[in-house]
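Peer 1: Here the working numbering is used: position 292 in the sequence shown is 298, and no number is missing along the way. Every residue, glycine too, gets a C-beta built ideally from N, C-alpha and C. Structure incoming, see below.
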Amino acid sequence: MAKEGFLAEGRLGGDLTGWFDVHSLLDMRKLFLTALAVVTPFFAADLASTPPMGWNSWNKFADKVDDKTIREIADAMVSSGMKDAGYVYVNIDDTWEGDRDAQGNIQPNAKFPDMKALADYVHSKGLKIGIYSSPGPKTCAGFEGSYQHEAQDAKTWAAWGIDYLKYDWCSADKVYQPSEMQAVYKKMRDALKTTGRPIVFSLCQYGWQDVWTWGASVGGNLWRTTGDIQDNWKSMSIIGFDKQTGHEQYAGPGHWNDPDMLEIGNGGMSRTEYTVHLSLWAMLAAPLLAGNDVRSMSDETRDILTNKEVIAIDQDPLGQQGRRVSKDGATEVWVKPLANGDLAVALFNRSDQMADVTAYWPVLGIDGKHKVRDLWRHASAGTVRDGYSADVPQHGVVMLRIAR
Ligand code: GLA
Numbered sequence: 007m008a009k010e011g012f013l014a015e016g017r018l019g020g021d022l023t024g025w026f027d028v029h030s031l032l033d034m035r036k037l038f039l040t041a042l043a044v045v046t047p048f049f050a051a052d053l054a055s056t057p058p059m060g061w062n063s064w065n066k067f068a069d070k071v072d073d074k075t076i077r078e079i080a081d082a083m084v085s086s087g088m089k090d091a092g093y094v095y096v097n098i099d100d101t102w103e104g105d106r107d108a109q110g111n112i113q114p115n116a117k118f119p120d121m122k123a124l125a126d127y128v129h130s131k132g133l134k135i136g137i138y139s140s141p142g143p144k145t146c147a148g149f150e151g152s153y154q155h156e157a158q159d160a161k162t163w164a165a166w167g168i169d170y171l172k173y174d175w176c177s178a179d180k181v182y183q184p185s186e187m188q189a190v191y192k193k194m195r196d197a198l199k200t201t202g203r204p205i206v207f208s209l210c211q212y213g214w215q216d217v218w219t220w221g222a223s224v225g226g227n228l229w230r231t232t233g234d235i236q237d238n239w240k241s242m243s244i245i246g247f248d249k250q251t252g253h254e255q256y257a258g259p260g261h262w263n264d265p266d267m268l269e270i271g272n273g274g275m276s277r278t279e280y281t282v283h284l285s286l287w288a289m290l291a292a293p294l295l296a297g298n299d300v301r302s303m304s305d306e307t308r309d310i311l312t313n314k315e316v317i318a319i320d321q322d323p324l325g326q327q328g329r330r331v332s333k334d335g336a337t338e339v340w341v342k343p344l345a346n347g348d349l350a351v352a353l354f355n356r357s358d359q360m361a362d363v364t365a366y367w368p369v370l371g372i373d374g375k376h377k378v379r380d381l382w383r384h385a386s387a388g389t390v391r392d393g394y395s396a397d398v399p400q401h402g403v404v405m406l407r408i409a410r
């Protein structure tokens, strides 16, 4: 429960991981983006100007994905309100690939009789469609990759009407040296560019070689920062809380750190834990790719995934990735500056019991009285001086928007 009018008692509890000066951070970010624009010939800020949102088949369906499922998912994205909430990409992950024809053109396998017709169907719903491949000879699931067919595959996908490519390293290790990785990704970036079709380029190589430092320069609109997420609290929280630190400066409009797809609604976490999952991904300005069966999701799952106030934090046009500003045992306070000067603030409790968590204004770089809104209660949390304190349930979050 929120304690309004909280007064700091003169002692800032816990290990403050750094005083946070929003303005110098914004200046640093401007400098970084200017430098990046100079060194990056293909700086795709027009594509993915906010973190991509949509759905991907892998987490729920793995190899059990086919044309019928994708059509039904597209229907459900519209009828469930997911599309209205901003989820537009319907992405087919691994296992769609068939053999190449005599001219070397990639064919879908029997599960996908006509990719062009499928893309047309998805587009007819006002959605976009994504696909998956590997720079290696085989994908992670052992299907045909794009090795030595890069330009040809890009052309094929563009002709089908594909809007998004996830390009997964997998067997590329067998044919390339690690030192060639950037050139290999650039090669596909160039192939996609040559098609003339705007195609979001998603790098998937598990965060190797500090990809966040060069992902944008090879044309990546997003890049995975870790290995695969699993549908449990430990996996989600380690990836989200512990593995993203230090990457903040590399994210911005057109190029995002990707802590992997959402597991919300897949059954391995509690409602409260899934609430943390969406809140944390929003604070991280992460791509939001739902990974559940949206055809049959519960109201509870839909309400989490479509919380427009939390999504607005993720999609804020400033594109500043949030960061932890204080930590006290298993509780953490995170902040994300927003385009209109407001701050998104999340009070996280990673412990196994209820905890009192406080965001002290000086730690957020503000002072005086501020209007606070609770983004999960969809209600005002009052006008508060000095700091905001709340009881946060175990494995839970209180997420706030603080007006400036
Ligand atoms: C890798 C990726 C996953 C998924 C599978 C498909 O493990 O990291 O996200 O695409 O391959 O085989």
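1) What are the start and end residues of the beta strand (DSSP E) that includes Ala368?
2) Any contact of the segment 157 to 169 with the segment 121 to 140, i.e. 3+ C-beta pairs under 8 Å?
3) Using a threshold of 7 Å, is the CB atom of Tyr138 nearer than that to any non-hydrogen atom of ligand 1?
4) With burial defined as no fewer than 16 other Cβ atoms inside 10 Å of the residue's Cβ, what is the status of Asn272: buried or exposed?
5) Grab me the residues of Tyr182's own chain with a C-beta within less than 7 Å of its C-beta, minus the 5 sequence neighbours each way, in chain order.
6) Run through DSSP, which three-state label would Ile235 get?
7) Any heavy atom of ligand 1 closer than 7 Å to the beta-carbon of Asp299?
8) So what does DSSP say about Tyr422, is it helix, strand or coil?
9) How would you label Arg277, buried or exposed, when you count the other beta carbons within 10 angstroms and need 16 or more for buried?
10) Give me the residue from Gln359, Phe354, Asn346, Val341 with the minimum Cα distance to Pro368.
11) Less than 7 Å separating the Cβ of Thr145 from some heavy atom of ligand 1?
12) Any heavy atom of ligand 1 inside 7 Å of the beta-carbon of Trp218?
13) Can you name, in chain order, every residue of its own chain whose Cβ lies under 6 Å from the Cβ of Ala82, other than the five neighbours on each side?
14) Looking at ligand 1, does it come within less than 7 Å of Trp64, judged from the CB to the closest heavy atom?
15) Give me the residue from Ala296, Glu186, Lys117, Met194 with the minimum Cα distance to Ser139.
16) Taking all protein chains shown into account, decide if Leu32 is buried (16 or more other Cβ within 10 angstroms of its Cβ) or exposed.
17) Taking C-beta to C-beta, are Leu171 and Phe149 nearer than 8 Å?
18) Can you say whether Met360 is buried or exposed, counting buried as having 16 or more other CB atoms within 10 angstroms of its CB?
19) Spatial neighbours of Glu279 within its chain, please: C-beta separation below 6 Å, excluding the five flanking residues on both sides.
20) Roughly how far, in whole angstroms, is the beta-carbon of Thr101 from the beta-carbon of Ala157, given that I think they are within contact range, below 8 Å?
21) With a CB to CB cut of under 8 Å and the five nearest residues on each side skipped, what residues in its chain are close to Arg407?
22) With H, G and I counted as helix, E and B as strand and the rest as coil, what does DSSP make of Ser130?
23) Exposed or buried, Gln215, counting other C-beta atoms within 10 Å across all chains shown (16 or more means buried)?
24) Note down, in chain order, each residue of its chain lying with its Cβ closer than 8 Å to the Cβ of Asp179, except the 5 sequence neighbours on either side.
25) Trp218 and Tyr256 - do their beta-carbons sit closer together than 8 Å?
26) Once DSSP output is grouped into helix, strand and coil, what is the label at Asn111?
27) Please tell me whether, using a cut-off of 7 Å, the distance from the CB of Asp373 to the nearest non-hydrogen atom of ligand 1 is below it.
28) Just verifying my parser: in three-state terms, what is the DSSP assignment at His401?
29) From Ala80 to Thr312, what distance separates their C-alpha atoms?
30) In or out: Leu209 buried (at least 16 other Cβ within 10 Å) or exposed?
31) Are the CB atoms of Ala296 and Tyr93 within a distance shorter than 8 Å?
32) What are the boundary residues of the alpha helix (DSSP H) that Phe67 is part of?
Peer 2: Result, derived from the coordinates:
1) Here residue 368 is Pro; the residue named in the question, Ala, does not match the sequence. Where Pro368 is concerned, there is no enclosing beta strand (DSSP E), although the alpha helix (DSSP H) it sits in stretches over 367 to 370.
2) In short, these stretches touch, since the Cβ pair count reaches three.
3) Look at Tyr138: its beta carbon is less than 7 Å from one of the heavy atoms in ligand 1.
4) Burial check for Asn272: the Cβ neighbour count within 10 Å reaches 16 or more, so the residue is buried.
5) Excluding sequence neighbours, Tyr182 sits near Val190.
6) In the three-state reduction of the DSSP assignment, Ile235 falls in the coil class, being assigned neither a helical nor a strand state.
7) Not so, every heavy atom of ligand 1 lies at least 7 Å from the Cβ.
8) The structure shown does not extend to residue 422, since the chain is modelled only from 7 through 410, so no value can be given for it.
9) Classification for Arg277: exposed.
10) Nearest option by C-alpha distance: Val341.
11) Yes, since a heavy atom of ligand 1 falls inside the 7 Å radius drawn around the Cβ of Thr145.
12) Because no heavy atom of ligand 1 lies under 7 Å away, the Cβ of Trp218 does not count as near it: no.
13) Taking Ala82 as the centre and dropping the five residues before and after it, the same chain places the C-beta of Val300, Arg301 closer than 6 Å to its C-beta, in chain order.
14) Yes.
15) Among Ala296, Glu186, Lys117, Met194, the Cα nearest to that of Ser139 belongs to Met194.
16) Since pLDDT at Leu32 reaches only 43, below the 50 mark, its modelled position is unreliable, and the value read off the structure follows with that caveat. Burial call: exposed.
17) Cβ atoms of Leu171 and Phe149: not closer than 8 Å.
18) Sixteen is the threshold: since fewer than 16 other Cβ atoms of the shown chains lie within 10 Å of the Cβ of Met360, the residue is exposed.
19) Excluding sequence neighbours, Glu279 sits near Trp239, His401.
20) Between Ala157 and Thr101 the Cβ distance is about 24 Å, and since that is not below 8 Å, they are no contact.
21) Scanning its chain for C-beta atoms nearer than 8 Å, with the 5 sequence neighbours on each side dropped, one finds around Arg407 the residues Glu315, Ile319, Leu344, Asp348, Leu349, Ala350, Val351, Val378, Arg379, Leu381, in chain order.
22) The three-state secondary structure of Ser130, taken from DSSP, is helix.
23) Gln215 comes out exposed.
24) Closer than 8 Å at the Cβ level, and outside the excluded window around Asp179, lie Gly142.
25) Against a cut-off of 8 Å, the Cβ pair of Trp218 and Tyr256 comes out as a contact.
26) Coil at Asn111, not helix or strand.
27) No.
28) Here DSSP, grouped into helix, strand and coil, assigns His401 to coil.
29) For Ala80 and Thr312, the gap between their C-alpha atoms comes out near 16 Å.
30) Here Leu209 is buried, its C-beta having at least 16 other C-beta atoms within 10 Å.
31) Yes. Within cutoff.
32) Per DSSP, Phe67 belongs to the alpha helix (DSSP H) from 64 to 67.
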